[in-house]
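Participant:
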Amino acid sequence: MKDVFPIHYDIEFEPDFKKFIFRGKEKISIQASRLTSKIVLHAAELEIKKCQISWNGIEINPKIQLDAKTEELTIILPKKISGTAILSIDFVGQLNDKLVGFYRSKYKYKGAEKHLATTQFEAADARRAFPCWDEPEAKATFDVSLLADNNHTAISNMPVISKKKIGLKTLYRFDTTPIMSTYLLYMAVGEFEYISAKSGKTLIRVITTYGKKHQGKLSLEFTKQFLSYFEKYFKIKYPLPKLDMIAIPDFASGAMENWGAITFRETILLYDPKTSSTETKQHIAEVIAHEIAHQWFGNLVTMKWWNDLWLNESFATFMATKAVDALYPEWDFWDQFLISEMTGGLSLDSLKSSHPIDVPVKSPADVRQIFDEISYNKGGCVLMMLEKFIGEDNFQKGLHRYLKKHEYANATTEDLWNSLGSISRQPVRQMMNTWVRQIGYPVIDAHVKDSKLKLSQRRFLLESNGKTKQGNWIIPLSVRIGDRVVNKLMKGPVTIPYKADWFKVNDGQKGFYRVKYDEIVLEVLGRRIEEKSISNVDRWSIHHDLFALCISNQISFKNYLDFIRHYEDEDDYVVLSDIIGSLNFFYTLLSKEEFWQEIKEFNQDFFNKVFSKLGWDTVEGEKPTTTLLRGQIISSLGRLEDKEIISEAKSRFSNLLKTGQLNPDLRGPIYSTIAWSGDASIYQKMLSLYRKAPTQEEMVRLLSSLANFQDKKLLSKTLSFTLSKEVRTQNLFQPIARMVTNPQGKELVWPWIKQNWKGIVSRFGVGNPLLNRIIGSVSIEADLKKEIEIKKFFTKHHVPGTEMKLAQTLERIRIHARFVQSIRKEFR
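Right under this line is the structure:
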C-alpha cells in the first residue's frame, strides 16, 4: 500500500446536460503512514478548480500537477504531513459519449430526445469522474450526493437518505457505502421508472427509462431467485439494503456489477414476450446470475490487483451456470456451458499469443485487454475441473471459508487455493498453479499397445509447425474404460491396464484439455456415437477435439468430414450446435476455393437431415434447446440457398409485414434468410423495420441481418450505415461480426476498417472494449499477404490496449492461411 491512502470519500456531483459537463467536489479523509510532502492519486480528463488540505487544524494550499499520460494528479505540499488529513478538491469533467467514466446516454421517449448520466468505472475509469486512488486495493467508504434537475431521479449504490430542493434542482444524499474499491462505485441521473419487490429484507428494483418498466418483470423474478440462491449457497447474507438492476440505453459491456446498483444493456435486462426469443430469456438469466454472484465474488471480497481479475470473472461465470442450472434444469445449462465457455476458452488458449489466467498487469491498458475468454471462459472451466476433483461439498465449504476470511478486504489466488486445499486436503495449489500460471493447455495422445492404454501430454497449439513441447500440467484425469471410470492425477506419461472394447478420455468433459486418438480407436468411438451409447457431452467432445486437430493440420480435412457421418442421426443440441458451427466456419473460410461446391453440398445434406426432424414450428413440450437448434439450422440452410427454406421464410416474412406477427424464436433466422436471398427492395423493408423496432433486441437482429445480403453495393451501404447516428456505438460491432461470416461481405470489412479507422477510434475512445472486437473481426482472413498488410497498418496506427488482440488476430490469419493451403493439396 502507498504512503498515503484514502479512508473515506465525501463526493458531490452536478451533471449539466446543456454543456455535457459535470461539476464535482470531494473531501477525502486520508491517512499518511509517514511524513510526506507529496500525494499522488489518479485523475484523467478532469480540470482541477481548487485543491486544499486540512491537517491538524491548518489549511494548506498545495501546488498541483496533472499528467495526462500517466493519468496522475500530483499534489506538492509546502510542508510535510503525516497521520490523518482532509483533502478537498473541486473539479469539472466531460459528460462524455465514450461509454466510460461518467458518461451520457441518449434515447428517445415519445419522439423527444432525452439524456441520462451514468457511470462505468471498471477497470480504471473512476479517475475520469473524480480524483481518487483508482486501484482495487485502495478500498474506502463513500458518501455520495447528486444534484439533479427536479424532473430527474438520482441513483447510487446505497439508498437515498435525504432529498432537498435547491431552486430548480434537488440534492440527493445517499447512505454511506461499505468499504469498497472505486471501480464499484455507481451514480446515475435521469428520468427513470421502476418496478420493485422484496427478497427477505432486501429491496429489489428493476429501473428503466420511461415507458419500459413493464419489460422488467422477468428480470425482477430472476433477481429474486438468484439472490436467494447465492445467499443459501455462500451461507452469507447479501450485505446491502437494496439491489437495483438498471437498464442503460448505451452501454459498452453486457453488464457491470456495481455494488447494489448493477447496470445492463437493455437487451440483457428487458424482456418482451411478443418479440424476445428463448435465447434472450436464457441469456438474461445467465447475466443476472453472473452479476449477482459478483456481489460476493468481487465486491465483498475483491482481488488485490488486476492480475487476479479471473478471481472475479471466472467465478461469476462458473457460479452463474451453477445457479441457472439449479433453478432451470430443463435448460441443460451445463451442456450449454460447453458451447459458451469451453469452446471460447479452448479456442483462444490454443494460440501462442494467449496469456496465462494469472497474468502480469502494469497499466490500465493491460487490464482492459484481459477481459477475454481466458479470464472468463478458461477460468470458469478450470473451476469446473477443480470442483469435480475435490467434490461439490468441499468446493462449497472452501468458498465459504475464503469469503468469510477476506470479506470487505482483498485477496489473491493463493488465498483461494489455501481455503480449498485445507478443506479438501488435496494438493489444490500444486495442481491449479499449473493451470493458472502457465499459458495454454494440454492435448493427451491416447493409444493402446499390449493390452495397455498409454497416455502422454503435450501443449496443444493451432500453429505448432510440428514443434510441440511435452506438457507439464497436473491433470485430474478421468478415463471411461467400458463401464468403469478410472480417476487419477496425471503429471507425466500414464499407463492403464486395458481389457475392454473401448475407452474415452476426459469422461464427461470436465477437464480443460483435448484428446487425440489413433484411427482405430476413433473408428470404435464412431460406432458408439452412432449407437448413442456414450453421453451427449462425450459425443460433443470427440467432435470438438477433432475439429481443432483438423484446423491445426494434425488430421486431414477429408478424414474429419468422413468422421462427421457418424453424427448423421444425432439429435442432441449441444453436439449438433458444435458441428453446425464448424461446418458453417468451413463454408465461410473456403468460399473462394474451387472445391467450395463440394463443401456446400456436404453441409446441405447434413443440415437437411437435422431439419427434417425439427420442422418450422415449436412442438408442445419440446426442450428449450430444441428451439435454439431450430433457429441455427434454419439460418444455416438459408445461407446455403435451400429453396424450401427460402420459400417458407418469404411467406412468413410477408405475413409479418402485414400482421406484425412472427414467432420471436424465428425472427433472427427468417431475417437472416430473407436478407441472404434479398434485393434492394427487401433491404429497404428491413431498414424500415429497424427504424420502427420496438426493442433494442429487435433492432440488433435487424441490424445484423443487414450484413447478410449478397449484393456488395448493399453491404457497402450497411457498413456506411453502421457509422451513422442511427446505430448506437454499443451495436456498431454487430453487423461487422455478421459480415465477416458472409462470403460476399468478408472481403469488404478490412478495407472499410482501414478507411474509417480514425473515425472508429474517435467514436469509441481509447480503452473501449469494442475496439478490440473490431480488430478481431478480420481474423477470418486466410491470406499471408493480408497478415503482413494488417500488421503494417496497426504498427502505423497503434492504439494502446489493442496489442494482445492484434497478435491473436494475426496468428489466426496465419493458421487459416496454412490450413487452406493444406486442404488445397487434399482436393487436387
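In our numbering, each residue carries its 1-based index in the sequence shown increased by 5. Think of the CB as a built atom: it goes at the ideal place given N, C-alpha and C, for glycine as much as any other residue. Since we're looking at a predicted model, the values are computed, not measured.
Enumerate in chain order the residues of its own chain whose CB-to-CB distance from GLN475 is below 6 Å, with the five nearest sequence positions on each side excluded.
Facilitator: ARG463
Participant: If you follow the alpha helix (DSSP H) that TYR565 is part of, which residue opens it and which one closes it?
Facilitator: 562–569
Participant: Would LYS237 and LEU208 be called neighbours here (beta carbons separated by less than 7 Å)?
Facilitator: no
Participant: What residue does the beta strand (DSSP E) around ALA451 start on, and which one ends it?
Facilitator: 447–454
Participant: Can you check whether the CB of TYR14 is closer than 7 Å to the CB of PHE147?
Facilitator: yes
Participant: Identify the continuous alpha helix (DSSP H) that holds VAL825 and give its terminal residues.
Facilitator: 808–831
Participant: Buried or exposed: where does GLU573 fall if 16 or more other Cβ atoms within 10 Å of its Cβ makes it buried?
Facilitator: By the neighbour-count criterion, in which a residue is buried when 16 or more other Cβ atoms sit within 10 angstroms of its Cβ, GLU573 is exposed.
Participant: For the beta strand (DSSP E) that PHE107 lies in, which residues bound it at each end?
Facilitator: 106–114 is the span of the beta strand (DSSP E), which, as asked, contains PHE107.
Participant: Quick one: give me the first and last residue of the alpha helix (DSSP H) that LEU708 is part of.
Facilitator: 701–710
Participant: Taking the CB atoms as reference points, tell me whether VAL200 and GLY221 lie closer together than 7 Å.
Facilitator: Looking at the sequence provided, one finds Ile at residue 200 rather than Val. Contact flag set, yes.
Participant: If you scan the stretch 18–59 from start to end, which runs of the beta strand (DSSP E) of 3 or more residues do you find wholly inside it?
Facilitator: 26–47
Participant: Given a threshold of 16 other Cβ atoms within 10 Å of its Cβ, counted over all protein chains shown, does VAL490 qualify as buried or as exposed?
Facilitator: exposed
Participant: Just reading off the beta strand (DSSP E) that GLN70 is part of, what are its end residues?
Facilitator: Element bounds for GLN70: 68–72.
Participant: DSSP three-state call for ASN162: helix, strand or coil?
Facilitator: ASN162: coil per DSSP, three-state reduction.
Participant: On the criterion of 16 or more Cβ atoms from any shown chain inside 10 Å, does TYR114 qualify as buried, or is it exposed?
Facilitator: exposed
Participant: Looking at ALA822: is its Cβ nearer than 7 Å to the Cβ of ASP788?
Facilitator: Yes, these two residues count as a Cβ contact at 7 Å.
Participant: For the pair the stretch 738–750 and the stretch 701–716, tell me if three or more CB-CB distances fall below 8 Å.
Facilitator: Because the criterion of three Cβ pairs below 8 Å is met, the stretch 738–750 and the stretch 701–716 touch.
Participant: Measuring alpha carbon to alpha carbon, tell me which residue in ARG133, GLY626, PHE616, LYS515 is nearest GLY643.
Facilitator: PHE616
Participant: Quick one: residues in its chain with C-beta nearer than 7 Å to the C-beta of LYS504, no 5 flanking neighbours on either side, listed in chain order?
Facilitator: Closer than 7 Å at Cβ, skipping near neighbours: SER456.
Participant: Would you decide whether LYS103 is buried or exposed? Buried here means 16 or more other CB atoms lie within 10 Å of its CB.
Facilitator: buried
Participant: Below 8 Å, can you find three or more Cβ-Cβ pairs linking the stretch 31–51 to the stretch 132–143?
Facilitator: yes
Participant: Quick one, which of LYS170, LYS309, ILE569, LEU391 has its alpha-carbon nearest HIS411's?
Facilitator: Looking only at LYS170, LYS309, ILE569, LEU391, the smallest Cα-Cα distance to HIS411 is reached by LYS309.
Participant: Decide if PRO774 is buried, meaning its Cβ has at least 16 other Cβ atoms within 10 Å, or exposed.
Facilitator: buried
Participant: Where do the N-terminal and C-terminal ends of the beta strand (DSSP E) with LYS327 fall, by residue?
Facilitator: Taken as a continuous stretch (DSSP letters only), LYS327 belongs to no beta strand (DSSP E), being part of the alpha helix (DSSP H) at 314–332.
Participant: Since LEU275 is in the alpha helix (DSSP H), which residue starts that stretch and which ends it?
Facilitator: Neither: LEU275 is in no alpha helix (DSSP H) and is coded neither H nor E.
Participant: Whole alpha helix (DSSP H) runs in the stretch 557–622 with 4 or more residues, listed along the chain?
Facilitator: 562–569, 578–594, 601–619
Participant: Which residue marks the beginning of the alpha helix (DSSP H) containing MET495, and which one marks its end?
Facilitator: MET495 -> not in any alpha helix (DSSP H); beta strand (DSSP E) instead, spanning 489–495.
Participant: ASN155: buried (16+ other C-beta within 10 angstroms of its C-beta) or exposed?
Facilitator: exposed
Participant: So, using beta-carbon positions, are SER368 and PHE465 closer together than 7 Å?
Facilitator: When the beta-carbon positions are compared, SER368 and PHE465 stay at least 7 Å from each other.
Participant: Apart from the five residues on each side of it in sequence, which residues of its chain come closer than 7 Å, Cβ to Cβ, to ALA145?
Facilitator: Within its own chain, the residues whose Cβ lies closer than 7 Å to the Cβ of ALA145, once the five positions on either side in sequence are excluded, are PRO11, ILE12, HIS13, TYR14, ILE184, listed in chain order.
Participant: Whole angstroms are fine: how far does the CA of ILE820 sit from the CA of ASP684?
Facilitator: 35 Å
Participant: So, helix, strand or coil for ILE375, using DSSP?
Facilitator: Collapsing the DSSP output to three states places ILE375 in coil.
Participant: May I ask which residues mark the beginning and end of the alpha helix (DSSP H) holding ILE651?
Facilitator: 648–664
Participant: Which one of ASP610, ALA325, GLY195, GLN760 has the shortest CA to CA distance from HIS288?
Facilitator: ALA325
Participant: Report the rounded CA-to-CA distance for SER557 versus SER380, giving the unit in angstroms.
Facilitator: Whole-angstrom Cα-Cα distance: 24 Å.
Participant: Under three-state DSSP, which class holds HIS13?
Facilitator: Three-state result, HIS13: strand.
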